[in-house]
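Throughout the first sequence, residue numbering follows my numbering, covering 45 to 549 in sequence.
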Amino acid sequence: MDRQRRILEEEYPELLEERAKKEERPRLPPLPGALEGRVRTRFAPNPDFVIHIGNARPAILSDEYAKIYKGTLILRFEDTDPRTKTPLREAYDLIKEDLKWLGVEWGEEHIQSLRMDIYYDVARRLIERGCAYIDTCGQDARELLRRGKACPTRSNPPEWHLEEFDKMLAGGYGEGEAVVRVKTDLSHPNPSVRDWVALRIIDTNRHPHPLTGSKYIVWPTYNLAVSVDDHIMEVTHVLRAKEHQVNTEKQLYVYKCMGWEPPVFIHFGRLKLEGFIMSKSYIRRLIEENPGKFLGYDDPRFGTISGLRRRGILPEAIREAIISLGVKPGDVTLSWANLAAINRKMLDNMADRIMYVHDPERLAVDQPQCMEATIPRHPERPQDSRVIRVCPGDVVLLNRGDARGEVRLMGLGNYRVDGGRLVYTGDSLEYARSKRLPIVQWVKETDSVRVKLLKPQGLELEVEEGLAEAALRGYGVDSRLQLIRYGFARIDSVGEEYTLVYTHD
RNA sequence: GCCGCGGUAGUAUAGCCCGGCCCAGUAUGCGGGCCUUUCGAGCCCGUGACCCGGGUUCAAAUCCCGGCCGCGGCACCA
Numbered sequence: 045m046d047r048q049r050r051i052l053e054e055e056y057p058e059l060l061e062e063r064a065k066k067e068e069r070p071r072l073p074p075l076p077g078a079l080e081g082r083v084r085t086r087f088a089p090n091p092d093f094v095i096h097i098g099n100a101r102p103a104i105l106s107d108e109y110a111k112i113y114k115g116t117l118i119l120r121f122e123d124t125d126p127r128t129k130t131p132l133r134e135a136y137d138l139i140k141e142d143l144k145w146l147g148v149e150w151g152e153e154h155i156q157s158l159r160m161d162i163y164y165d166v167a168r169r170l171i172e173r174g175c176a177y178i179d180t181c182g183q184d185a186r187e188l189l190r191r192g193k194a195c196p197t198r199s200n201p202p203e204w205h206l207e208e209f210d211k212m213l214a215g216g217y218g219e220g221e222a223v224v225r226v227k228t229d230l231s232h233p234n235p236s237v238r239d240w241v242a243l244r245i246i247d248t249n250r251h252p253h254p255l256t257g258s259k260y261i262v263w264p265t266y267n268l269a270v271s272v273d274d275h276i277m278e279v280t281h282v283l284r285a286k287e288h289q290v291n292t293e294k295q296l297y298v299y300k301c302m303g304w305e306p307p308v309f310i311h312f313g314r315l316k317l318e319g320f321i322m323s324k325s326y327i328r329r330l331i332e333e334n335p336g337k338f339l340g341y342d343d344p345r346f347g348t349i350s351g352l353r354r355r356g357i358l359p360e361a362i363r364e365a366i367i368s369l370g371v372k373p374g375d376v377t378l379s380w381a382n383l384a385a386i387n388r389k390m391l392d393n394m395a396d397r398i399m400y401v402h403d404p405e406r407l408a409v410d411q412p413q414c415m416e417a418t419i420p421r422h423p424e425r426p427q428d429s430r431v432i433r434v435c436p437g438d439v440v441l442l443n444r445g446d447a448r449g450e451v452r453l454m455g456l457g458n459y460r461v462d463g464g465r466l467v468y469t470g471d472s473l474e475y476a477r478s479k480r481l482p483i484v485q486w487v488k489e490t491d492s493v494r495v496k497l498l499k500p501q502g503l504e505l506e507v508e509e510g511l512a513e514a515a516l517r518g519y520g521v522d523s524r525l526q527l528i529r530y531g532f533a534r535i536d537s538v539g540e541e542y543t544l545v546y547t548h549d
């Protein structure tokens, strides 16, 4: 092997180069305007639910770029709508757990609902500069803006608006009666950009915020809070999905008015994972409407990060898949085969092998004396193995499909299936190979563990009963195994019976 | 409907900005073979794509125009 390599190096160096190139992990394109040590990115989830692989994309890309340029990633929870996107108290921690598992490392952490005074302060400054105003026209404002006109209060002097703003904060207005708007182009082609709402009133007595209760009634909208925070936190690069394109346009008005330098905005398309349910609201509905059918938000049928984790997908595989998708503006569908292929490559090196048999056929062994099979935990670590002793009359289980003709029981010997019995025909591997005997996995009945294998199939979860060799008891929850000739699985729970989740083949 | 952004093999991606080295590279999938105490991994061979139509040019996947299709936005959501 070494000699071959030497020859290669001397005579055909370009071949090795090719090879090295192939082994390289996918790389991200350079980040426009990025300076080493100065890059600051951010991941800003809404803590109203756990994150899925689509949300993980901006998180991983932001993390990856921060690492490439030796910069900082900021984690910021955007929880400024206690009414229609009520934050979930547990979500803050669940999201952090998922991010840690994904290997995402952030240097700063912020929660917007704890920064309200900052937004109020910027709101006042926007008003002072004549860039924002209080609209007390209620529903009429919408119709006016649609026609390129605005609430008459728009032209009042800043002092008036400052007073009105204090009145809003003091509870002088109810929901919908007054909002703070940022002045934009009233003839902007997109009506939602025209004097967009920067702060509004939310009755937190009726819709309390999980963190601040009913302490605040004036809440910044996404666009105000984001532009203020991205500036204050000195974010240099914003990586987000293209649904935010219009928001970028809106936010630029704040930057312009305040004289702030905007970050570089990069928008990419949406990510779908083939065959998985991604939508937060759909997942919530499925769980609510089908009690008992799903295992939780981390059900392996869901595209949530916790669901993929439970399925047995490795965080490195998710990261590699997302990096290889790049940052293009078009939508992408990550095929399951592709993710599974990346995962399989990584899993193959680390997953120990276990013999597992489903749909078993019981066969009594007919052989002259006791024999021992040595089964390595992993083909590349043959010295680390276990021994299974099989004596005449012992019952061995084979998969029904394997129990015919002459077969080789892995590590044990060659047998002929004959009327409910396994008749020993010799131990020659050469013979087995020359006759192309199927080399099959097997389980000794008295030395086995009952297994419930959960196999996600779209919206269904097939439950397969089977038996694994006793060595399975040496593994705990979360262990990833390769069920020989069957596929990869992750141990979901242990006990008298083991529950495994089928990962992929 | 209006505004914006896209369209490279089954899937994803490279190339497009700075036209020729692209009769289009890579991964995965699929077909075949080798190897192997796994139907895994590895190795080899094969399969398969520039949305359509015009234009510019000696030359277009790459530039321009039109069409078609897809996606996103049009909230006092994020």
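Backbone N, C-alpha and C fix where the C-beta goes; we use that ideal spot for every residue, glycine too.
For residue i and residue j, I'd like the C-alpha separation in whole angstroms.
i	j	result
Ile-362	Gly-347	11 Å
Glu-219	Ile-245	5 Å
Tyr-475	Ala-417	18 Å
Asp-536	Leu-358	15 Å
His-548	Gln-427	27 Å
Val-166	Ser-106	26 Å
Phe-209	Gly-174	13 Å
Ala-110	Lys-294	26 Å
Ile-321	Tyr-459	46 Å
Arg-328	Ile-419	45 Å
Leu-317	Asp-375	11 Å
Leu-453	Ser-368	41 Å
Gln-526	Pro-102	32 Å
Phe-121	Ile-398	43 Å
Lys-65	Glu-364	Its pLDDT being 32, under 50, Lys-65 is placed unreliably in this model, and the coordinates cannot settle the point.
Cys-301	Leu-188	23 Å
Thr-469	Gly-457	8 Å
Comparing C-alpha positions only, which one of the options sits nearest to residue i?
i	options	result
Ala-384	Leu-206, Arg-406, Arg-444 and Gly-356	Gly-356
Ile-178	Ile-327, Glu-405 and Asp-239	Asp-239
Val-226	Phe-121, Ala-176, Phe-93 and Met-302	Ala-176
Val-461	Ala-408, Glu-293, Asp-342 and Leu-158	Ala-408
Val-493	Tyr-542, Tyr-519 and Val-467	Tyr-542
Cys-435	Met-415, Phe-121 and Leu-505	Met-415
Arg-168	Val-94, Leu-268 and Arg-127	Leu-268
Asp-438	Arg-465, Thr-292, Gly-182 and Asn-234	Arg-465
Ile-162	Trp-263, Cys-195 and Lys-372	Trp-263
Lys-259	Ser-157, Gly-182 and Val-507	Ser-157
Gly-539	Ala-533, Val-484, Asp-396 and Val-521	Val-521
Gly-502	Trp-380, Leu-544 and Val-495	Trp-380
Arg-82	Met-390, Thr-469, Ala-447 and Thr-116	Thr-116
Ala-395	Arg-406, Val-451, Gly-531 and Gly-457	Gly-531
Val-371	Gly-313, Trp-304, Gly-182 and Asp-92	Gly-313
Glu-221	His-253, Gln-183 and Thr-248	Gln-183
Glu-508	Lys-499, Ala-515 and Thr-180	Lys-499
Phe-93	Arg-69, Asp-142, Ile-112 and Glu-149	Asp-142
Using the Cβ count rule (16 or more neighbours within 10 Å means buried), how would you classify residue i?
i	result
Glu-54	Bear in mind that the predicted position of Glu-54 carries a pLDDT of just 35, short of 50, making it unreliable; the figure below should be weighed with that in mind. Flag for Glu-54 reads exposed.
Lys-324	buried
Pro-73	exposed
Tyr-341	buried
Glu-513	buried
Met-160	buried
Val-484	buried
Gly-98	buried
Lys-488	buried
Gln-413	exposed
Leu-516	buried
Indicate the three-state DSSP secondary structure (helix, strand or coil) for residue i in the structure shown.
i	result
Pro-73	coil
Gln-501	strand
His-232	coil
Arg-225	strand
His-251	coil
Phe-559	Missing from the structure shown is residue 559; the chain here goes from 45 to 549 and no further.
Arg-82	coil
Trp-486	coil
Pro-359	helix
Asn-458	strand
Val-409	strand
Just to confirm, does residue i get its C-beta within under 7 Å of one of the non-hydrogen atoms of the ligand SAM?
i	result
Pro-404	This structure lacks the ligand SAM; in fact it carries no ligand of any kind.
### Query
Okay, do the stretch 272 to 288 and the stretch 325 to 338 touch, 3+ Cβ pairs below 8 Å being the bar?
no
#### Entry: Meets three-Cβ-pair contact criterion under 8 Å: the stretch 76 to 96 and the stretch 204 to 221
no
### Query
Taking one C-beta from the stretch 127 to 143 and one from the stretch 283 to 292 each time, how about it: are there three or more such pairs within less than 8 Å?
no
### Task
Count the CB pairs spanning the stretch 399 to 407 and the stretch 368 to 384 that are closer than 8 Å, and state whether there are at least three.
Remark: fewer than three beta-carbon pairs, one from each stretch, lie closer than 8 Å, so the stretch 399 to 407 and the stretch 368 to 384 are not flagged as touching.
### Query
Do three or more CB pairs link the stretch 133 to 145 to the stretch 230 to 237 at distances below 8 Å?
Touching, no, given that fewer than three Cβ pairs across the two stretches are closer than 8 Å.
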